[in-house]
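In the working numbering, the protein residues as written are 8 to 718. Glycine residues also receive a C-beta, built at the ideal position from the N, C-alpha and C atoms.
1. Assuming residue 522 is part of the alpha helix (DSSP H), what are its boundary residues?
2. Three or more C-beta pairs under 8 Å: does that hold for the region 265 to 275 against the region 245 to 252?
3. Output yes or no for whether 8 Å exceeds the beta carbon distance between residue 330 and residue 40.
4. Kindly indicate which three-state DSSP category residue 262 falls into: helix, strand or coil?
5. Taking the beta carbon of residue 646 as the centre, do at least 16 other beta carbons fall within 10 Å, making it buried, or is it exposed?
6. Is it buried or exposed, residue 570, if we count other Cβ atoms within 10 angstroms and call 16 or more buried?
7. Go ahead and label residue 431 buried or exposed: buried means 16 or more other beta carbons lie within 10 angstroms of its beta carbon, across all protein chains shown.
8. The alpha helix (DSSP H) that contains residue 609, what's its start and end?
9. Can you tell me which residues form a DSSP beta bridge with residue 86?
10. Which residue or residues does DSSP assign as beta-bridge partners of residue 30?
11. Spatial neighbours of residue 607 within its chain, please: CB distance less than 7 Å, with the 5 preceding and 5 following residues excluded, ordered by chain position.
12. Grab the span of the alpha helix (DSSP H) containing residue 400 for me, first residue to last.
13. Closest to residue 320 by C-alpha separation, out of 107, 334 and 165, would be which residue?
14. Quick one: which unbroken beta strand (DSSP E) runs of 3-plus residues sit fully inside the region 280 to 350? Chain order, please.
15. Between the Cα of residue 543 and those of 509, 27, 654 and 285, spot the shortest distance and give me the residue it belongs to.
16. If distances are taken between C-alpha atoms only, which option among 383, 258, 678 and 497 comes closest to residue 109?
17. Determine the DSSP secondary structure at residue 121, reduced to helix, strand or coil.
18. Hey, could you find the ends of the beta strand (DSSP E) residue 236 is sitting in?
19. Apart from the five residues on each side of it in sequence, which residues of its chain come closer than 8 Å, Cβ to Cβ, to residue 364?
20. Would you mind sorting residue 568 into buried or exposed? The rule is 16 or more other CB atoms within 10 Å of its CB.
21. Give me the DSSP bridge partner(s) of residue 514.
22. Find the nearest neighbour of residue 188 within the set 163, 403, 122 and 176, judged by alpha-carbon distance.
23. Does the structure place the region 149 to 157 close enough to the region 125 to 140 that three or more beta carbon pairs sit under 8 Å?
24. Between residue 208 and residue 174, what straight-line distance do the alpha-carbon atoms span, to the nearest angstrom?
25. Excluding the 5 residues flanking residue 538 on each side, which residues of the same chain have their C-beta closer than 7 Å to its C-beta?
26. Output yes or no for whether 8 Å exceeds the beta carbon distance between residue 375 and residue 589.
27. Hey, out of 696, 506 and 332, whose CA is closest to residue 548's CA?
28. Looking only at C-alpha atoms, which of 462, 518 and 439 sits nearest to residue 496?
29. Among 26, 67 and 634, whose alpha-carbon lies nearest the alpha-carbon of residue 96?
30. What do you get for residue 200, buried or exposed, if any count of 16 or more other CB atoms within 10 angstroms of its CB means buried?
31. What residue does the beta strand (DSSP E) around residue 154 start on, and which one ends it?
32. Once you ignore the five residues that flank residue 318 on each side, which residues in its own chain have a CB closer than 6 Å to its CB?
33. Tell me where the alpha helix (DSSP H) around residue 363 begins and ends.
34. Using 8 Å as the threshold, is the region 263 to 270 in touch with the region 86 to 95, meaning 3 or more CB pairs across them?
35. Along the beta strand (DSSP E) that carries residue 183, what are the first and last residues, could you check?
36. Exposed or buried, what is residue 198 when buried is set at 16 or more other beta-carbons lying within 10 Å of its beta-carbon?
Following this line, the structure appears as structure tokens:
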């Protein structure tokens, strides 16, 4: 019997063993109130963020064993990630040290259970020391940079704890070892008369505030343990109370984290559980690769739910963690998981979409859950993304009345029509829209600029989709006009195709056309206008993908045969890797272009990449960096890669399973059809409990659709 609902054990990453500063992306943890980065040594943490308290990438709890920096021993460290915890272990001489780190459920705190085992023949006195720092602050504004705000803190000793405070006393961090001691470090400013000595700031923004230590008497063949807790708060009393409560039972916090995450995983598939306002369908399959990819995708969506106090939307879904853009939801990335949000948490999706409509989507790439305000510059994809969001929300929820609601002085239906036709105002000297420069598009592909094929194909799709929604409202005049405009634009998009190559050109302001061998054109053209392409064009596009982009377990975003492949090494959009939604979207394009067998043959290799926790902002192809246990390696956050450990657009893989593998098509009016290719993986596969409007359906591998009673 194959399991239907995953547990934290089912989603555990492969154990990874490494040495100091190997090419391993530090993992993250969350309790949906905040996030933490779990660093390479056995106890070190960075970026402990619980909005509205932030502290940049500040590192703390760096380990010393018997007075010596642990990293300097040069021993290998093994990390084992699960949704609820990270276990780190290493051996130093006769000492086996194992730590278990969790984000404590319901608390603005991180806890580490530290166990030391003595394999020697006599009792050992072992001194465990942690170098502690904090740069907590509460910014009055949104977190407008990739790295969250931080500031120089003051620090003092409070018994066995160190207490860090922002200059205005609006943010606090309390850190300590259970049963240990605390002392200020030698670099703290202990000037005479200073009640709260300040510490200096070192390279990289860190500062040594003090030292935490405990001496454990570990019997021969036995073990002893202690625990580290960092609690943050908006007042000293709040942070201290949280620290005391967690430190009283660190092993209990570890158990609670497992219970919390198993509850979230169950709730994601249970429409009667109020953790989410909807539910995802349950996959029944004997195909381990298919099941693994689906569960991986589900985790990668719920992983980004944020319910912290002060969230102006009540609930939101962040885009990246644990390093960059905390509290920011990008329109583009959210749209890549659009179907997932419509099914899993439609109430949150409704609120988020309404909020974006209330702002000018042509002036930012996302919004802050701290202030509701805009963050960043305009992304060219925004009109397409917003059209997709409204369409998916309406067709899966059946909430057609949403289109009649008035936001920002016009109905949502009118907003959709504006987005679908906004391309007209971007035209220069051709029939196609000019989508601007590199920073408005892929950021690290200098040739993918201006009149790009993908977004212009998306304009055809958007006008047709707006027409479908107009039909739903009975507005035949608007529908006919939009379809006619889509048909009129289509030839100009197809004209950008280079016969025999499988690729399209990007028109430049001087009239030249640059061939661009990027996956975004392949995926967006393939998922928006595949039926309008000649069979030879579809075949050539598939051949291009197989020849230049596809790898066994991942893909290249840009062909290494493209001249721009020398421009950047950022692996989310370049030759050396791909952003996590790109393989999923490429898979949908393969199915739409008439090559479902290429997709199903790829699934087993892709599933091996689901072995390092939630999918990263980018994974390397193995020509660039060797993989990890058969999976494409996550890219790290340091320069020149600047890639985060996890990214919310993993919901694109849920759409891959539902709409490409099972071939499920849901029209704007809720009509459901199915004709997929999943039988090649498992002829008995079944997707149970797909909610469309007020009805629930089971879909089998043959395309059979059965209306099911409510679950």
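Checking against the coordinates, here is how it stands:
1. No alpha helix (DSSP H) contains residue 522, which is instead part of the beta strand (DSSP E) from 520 to 523.
2. no
3. no
4. helix
5. exposed
6. exposed
7. exposed
8. 603 to 614
9. 23 and 95
10. Beta-bridge pairing links residue 30 to no other residue.
11. 684, 687 and 688
12. 389 to 404
13. 334
14. 289 to 291 and 335 to 337
15. 509
16. 258
17. strand
18. 230 to 240
19. 393, 414, 415, 419 and 422
20. exposed
21. 458 and 520
22. 163
23. no
24. Only weak support is given to the placement of residue 208: the predicted model assigns it a pLDDT of 49, under 50, and the value that follows is read from those uncertain coordinates. If I take the Cα positions, the gap works out to 14 Å.
25. none
26. no
27. 506
28. 439
29. 26
30. Low per-residue confidence applies at residue 200: pLDDT is 44, beneath 50, and the placement is therefore not dependable enough to give any value.
31. Unbroken run through residue 154: none, as it is neither H nor E.
32. 376
33. 353 to 364
34. yes
35. 179 to 184
36. Here residue 198 scores only 47 on pLDDT, less than 50, and its place in the model is too uncertain to base an answer on.
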